[in-house]
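Novice: As you go down the protein sequences, you meet chains A and B in turn.
In terms of the working numbering, the first sequence opens at residue 12 and continues consecutively.
In terms of the working numbering, the second sequence opens at residue 710 and continues consecutively.
Glycine included, every Cβ here is placed at the ideal spot set by N, Cα and C.
Just so you know, these numbers come straight off a predicted model, no measurement behind them.
Before I ask anything, let me first share the structure, which is written out below as C-alpha cells.
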Amino acid sequence: MPPSRLLKHKGRPRHAPDAQWRRGIGDVALGNSLSADIAPIANALILGLSIASIWLIAALGLAIIYGAIGVINMAHGEFIMLGAYTSYALQSFFGLPFLLCIPAAFIVVAFIGLLLERGLIRYLYKRPLDTLLATWGVSLVLTQLVRLTFGSDPKYIAVPEMFQSNVQLGFVNLSVLRIFVFALTIVLVAATAFLFYRTRFGMQVRAVMQNKEMAASFGINADRVYMLTFALGAGLAGVAGSLLGVLAIVLPTMGTAYVVQAFLVVVVGGGTILGSVVASGLTGEFQSVLAYVTNETFARFLLYLLIVVLLRFRPAGLFAPAKARR
Amino acid sequence: MDWSRRKILKTTPLAAAAIAAPHLWLPMSSDAWGATLKKGEPIKVGLLFSLTGALAVPEEDSTLVMQYAIDEINRNGGVAGHEIQPIIVDAKSDFNVYAEKAKELILRNKVIAIFGCYTSASRKSILPAVMSQNSLLYYPTCYEGAECTQNTICTGPLANQHSKDLIPYMVQNFGKKVFFVGSNYVWPKESNKNAKVWLNAAGGELVGEEYIPLGSSEFGPILNKIRDAKPNFIFSTVVGASDISLHKQFKQEGFKVDSMPIASLTTGEIETRAMGNEFGAGHFLSAPYFQGIDNPTNHKFVESFLKSKYGKNGVTHYNMEETYISAYVFKQGLEAAAQKAGGIDGVTSRMIRDASGGVKIEDNISPEGLIWIDDQNFNTWLKPKIGQCQADGSFKIVKQAESQVAPDPYSIYPDAGVCTSVGLKAPDGKLRVNVI
C-alpha cells in the first residue's frame, strides 16, 4: 500500500492536497507533494524515537539494578522523583544552573541509593520477594518524606531559554529539549555499556552476575560490586528525574507514573542493556505511530496488549541472557 | 431448654430474617441515624479531601481554605451562636476510602454536612452514603452536571456555565477552527459536549478532538495532530499533571501562543506556577474567580488568607475560592433553617438543604462577587470570567459575563427532564429522586 493510503483513516482526508505542510520544505516545489505524503508518518516515527528515549532513560537504572543484582526495585520511581527534587532544590536554593543540576542529581541520588543498599537491601539479597516488599515500603517512606519536606504542591525547574524552543528541519519538527534528552540517553547508554563490557569493574559485575560464589572465590568483592551497581542504578534514575521533572512535572507522587513504564521496558527487554534499548525503541515507536493512526487511549490499549502477547511467547523477554539465576 | 432438631429448624428462618432485614425490627429511619443539631453543642462538619496521593495537590488547598473559612466564621461569632467544629479526614486519593470515610463521618462522627471531593469519580463514590442517610454534601468545585440529588449543594460552575462565554470569545478573537483536547474521563467529555453547543452557536468548526489518559505526560502525538489540523485555538479540559505537560510541550514543540492559544477550563494560578510563567503566559482560562480580581473583598481575602497559617502554599485560585464560599453557603443555609425551626435545636441536614435554596452570598463576603444558590437544582448562579495569563503568572480579566449565568445540570439532555428541589421531573411528569 502506498504511504498516502495508510494515512487516510476514518474516511476523512487528513489534509488538503495542496496543503503547505511545513514551512521549511513546503516552499520547494518538488518537495511539496512528496512531503505531504511522508511528513506525518516521518514525524510520528521521529517522535517515536524521542518517546523511546524517554522510556529508556527512565528504565536504565532499573535495568542495571534488576539485570545485575536481581533486585526488583519498587522504589525506582521514587529515585526518579528524588532526582527531580534534587534539581529543584539545588536550583532554587543555591542557584545552580540546570545543566549542572543533572550531574548533581546523579551524585545525590546515587549516594541515597548507596545508603539504602548498605542499610537495607544488602540484608535481603537472598530473599527476592522480601526486597519487593521492602523497596515498596521504601518508596512510600520516600514519597512521604519529600511531601513533608517540600509540601505537596508541584515544583518548577527552570531550564535555559534554548530548551523552550524547537528546530525545523524540512518537514521534521523537533523540540530542543527532546533532542537533548535523546542525546543524553545515547551518551548514558553508551557509557553504561562501556562500563559493563570494557572495564575491570564491568567484568567483575558480569562475573558476579553469573555466579556470585565462584566470583568471590576468585577474589572479587561481590558485596562491593553489588553496592556500587545499586548506587549506579540509583544515580541514573536521578539523572532521569532531573530531565523528566522538566518534561512533565515535579511532584512527590511523580515516580509512580514512570515505574510502570520502566518495568515494562525492563521486562520486555529481559533485563539486559541491549534488551532495554530494543524494548524501549519498540514501545516508543508503537505508541507514537499507533497514537497517530488511532488515538492515545486506543494506542495504550494496543501497546499493552502486544506486550502481554509477547510475554506469553517469550516470558523471559526479548533478550534473556542464559545465566544462572540466584 | 430442649433444642430439638424441629425447634431449631423452626426458629432458624426467623433469626435469619431478623439478621438479614434489620429494618423490620430496628428503628432504622434515617432520622434515627443521621445527625441533628443540639443547642449548646458545636456544629460538626466533615472535611473529606485527599491529603496524600495523586489528588492531594488541589485537595490539600481545599482543606486549608475550609479551615480558614471555619476559623473566620467562628471568630465572628459562629453560626447562630454556635461554633463549627471541622473533622478532617484524609481520603488518600482512593475512591474506596472516600466512600468508607463518608459513612464514618455521617454515622460515627454524626456530622451535619460534608465538604468534600474534587473529582466526579470521588463524588459519585460517596453520594450513595450521603443520600441513604439523607445527609448533605457541599461539592465545592466545577462538575459536568447531569445529576439531580436532594442532598448536594454545588458552589462551582456547571459545564453549561463554564464555556458559555469562552468559546464565542475565542472564535471572535482568534478564528473559527478549534481543536478539543481533554483528559479521558467523564468531566472533559461532558464539558466538550456543552462546548460543542456553544461552538455551533458561534459558527465555529471543530477540527479535531483527542483525549489523553489521566496522568499521562506525553503530548507528542496529540501535538503532531494539532499541527496538521491547524486550528485557530485549542480548547483544553486536560486536568492535573497532564495539563502542565501540555502547556510545557506546546511551547517546546514550537507552537506560538499568539497564533494558537489554549483556552482552558482548568489552568489557573497554581498550574501556572507549577509549569513556570513563561509556559502559561498568553493562554486563557474561564473561571468564576481569579486571584487578581480587583475588588476590596478579594483584596482582603487574598491578603489575610496568605498571611494566615493556612496560606502556606502562597496562592489563591478558583477552586479554593469556590470552597471558601461553600462555608458561607452552609452558614447562611443553617441560619435560615434555624430561623424556620425556631432555634438550632433539632435542625437536620435536610432542613439545611431545603432552606439553602436562594441563599445569597453578597459581594462583601464572596471574593468573586455576588452569587446565589438556585432554589430548584441547588447549583450556583455565578459570573464566569475569562482571564488571560500574564508574564508574571497572574491573570488579567478580559471578559466577564454581564449578569449571573443560571446553572442547568441537564442543558444538553433536555429529554431527561428538569431538576427540581424534590427530584428530576421527566417530560412525562414522572418524578425521580436522587438521580446520579
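(1) Based on the DSSP output, what are the partners of residue 1057 of chain B in its beta bridges?
(2) Are the C-beta atoms of residue 128 of chain A and some chain B residue less than 8 Å apart?
(3) Does the separation of the CB atoms of residue 997 of chain B and residue 1094 of chain B fall below 8 Å?
(4) Between the Cα of residue 651 of chain B and the Cα atoms of A/73, A/143 and A/164, which residue gives the shortest distance?
(5) Just the Cα atoms here: how many angstroms apart are residue 1017 of chain B and residue 999 of chain B?
(6) So with CB distances below 7 Å, who are the chain A contacts of residue 765 of chain B?
(7) Please state the DSSP three-state secondary structure of residue 873 of chain B.
(8) Starting from the beta carbon of residue 920 of chain B, find every residue of chain A whose beta carbon is closer than 8 Å, and list them in chain order.
(9) Does the structure place the segment 233–248 of chain A close enough to the segment 111–126 of chain A that three or more beta carbon pairs sit under 8 Å?
(10) Check residue 802 of chain B in the structure and name its three-state DSSP category.
(11) Quick check on the DSSP output: what are the complete alpha helix (DSSP H) runs of length 4 or more inside the segment 918–943 of chain B, in order along the chain?
(12) Have a look at B/1047, B/885 and B/895 and flag the residue whose alpha-carbon is nearest the alpha-carbon of residue 910 of chain B.
(13) Among B/972, B/1062, B/1073 and B/1145, which residue has its Cα nearest to the Cα of residue 889 of chain B?
(14) According to DSSP, which residues form a beta bridge with residue 1132 of chain B?
(15) 8 Å is my cut-off, CB to CB: does residue 258 of chain A come that close to chain B?
(16) Are the Cβ atoms of residue 174 of chain A and residue 188 of chain A separated by less than 8 Å?
(17) Can you tell me which of B/1108, B/925, B/752 and B/989 puts its alpha carbon nearest to the alpha carbon of residue 779 of chain B?
(18) Note down the Cα distance separating residue 1085 of chain B from residue 850 of chain B, rounded to an integer number of angstroms.
(19) Excluding sequence positions up to five away, which residues of its chain have a Cβ less than 6 Å from the Cβ of residue 696 of chain B?
(20) Going residue by residue through the segment 822–869 of chain B, where are the continuous beta strand (DSSP E) segments of at least 3 residues, counting only ones entirely within it?
(21) To the nearest angstrom, report how far apart residue 279 of chain A and residue 241 of chain A are at their CA atoms.
(22) Taking 8 Å as the CB-CB limit, is residue 177 of chain A close to chain B?
(23) Identify which residue in B/964, B/870, B/748 and B/921 has its Cα closest to the Cα of residue 951 of chain B.
(24) Within this structure, are the beta carbons of residue 770 of chain B and residue 969 of chain B separated by less than 8 Å?
(25) Could you list which residues in chain A have their beta carbon closer than 7 Å to that of residue 901 of chain B, in chain order?
(26) Report yes if the C-beta distance between residue 95 of chain A and residue 255 of chain A is below 8 Å; otherwise report no.
(27) Any beta carbon from chain A within less than 8 Å of residue 954 of chain B's own beta carbon?
(28) On the DSSP letters alone, give me the boundaries of the alpha helix (DSSP H) that residue 1073 of chain B sits inside.
(29) Looking at the secondary structure, which residues open and close the beta strand (DSSP E) in which residue 1151 of chain B lies?
(30) For residue 885 of chain B, would you say it is in contact with chain A, using Cβ-to-Cβ distances shorter than 8 Å as the test?
(31) From the beta carbon of residue 905 of chain B, is the nearest beta carbon of chain A less than 8 Å away?
(32) Would DSSP call residue 701 of chain B helix, strand or coil?
(33) Quick check: the segment 143–163 of chain A against the segment 262–272 of chain A, are there 3 or more CB pairs under 8 Å?
(34) Could you list the residues in the segment 930–964 of chain B with a C-beta less than 8 Å from some C-beta on chain A, going in chain order?
(35) Per DSSP, residue 1095 of chain B forms a beta bridge with which residues?
(36) Assign residue 930 of chain B to buried or exposed, taking buried as 16 or more other Cβ atoms, counted over all protein chains shown, within 10 Å of its Cβ.
Specialist: For this structure:
(1) B/745
(2) no
(3) yes
(4) Nothing can be reported for residue 651 of chain B: it is not among the residues displayed for chain B, which extend from 710 to 1145.
(5) 19 Å
(6) 163
(7) coil
(8) 306, 307 and 308
(9) yes
(10) coil
(11) 929–938
(12) B/885
(13) B/972
(14) B/1129
(15) yes
(16) yes
(17) B/752
(18) 19 Å
(19) The shown model of chain B, from 710 to 1145, leaves out residue 696 of chain B, and the question about it has no answer.
(20) 822–825, 846–848 and 861–863
(21) 21 Å
(22) yes
(23) B/921
(24) no
(25) Chain A residues near residue 901 of chain B: none, gap ~14 Å exceeds 7 Å.
(26) yes
(27) yes
(28) Residue 1073 of chain B -> no alpha helix (DSSP H), and no H or E assigned at all.
(29) Because chain B in this structure spans residues 710 to 1145, residue 1151 of chain B falls outside the shown range and cannot be described.
(30) no
(31) no
(32) The requested residue 701 of chain B is not part of the displayed model; chain B covers only 710 to 1145.
(33) yes
(34) 930, 931, 933, 934, 936, 937, 950, 953, 954, 957, 958, 960, 961, 962 and 963
(35) B/995 and B/1108
(36) buried
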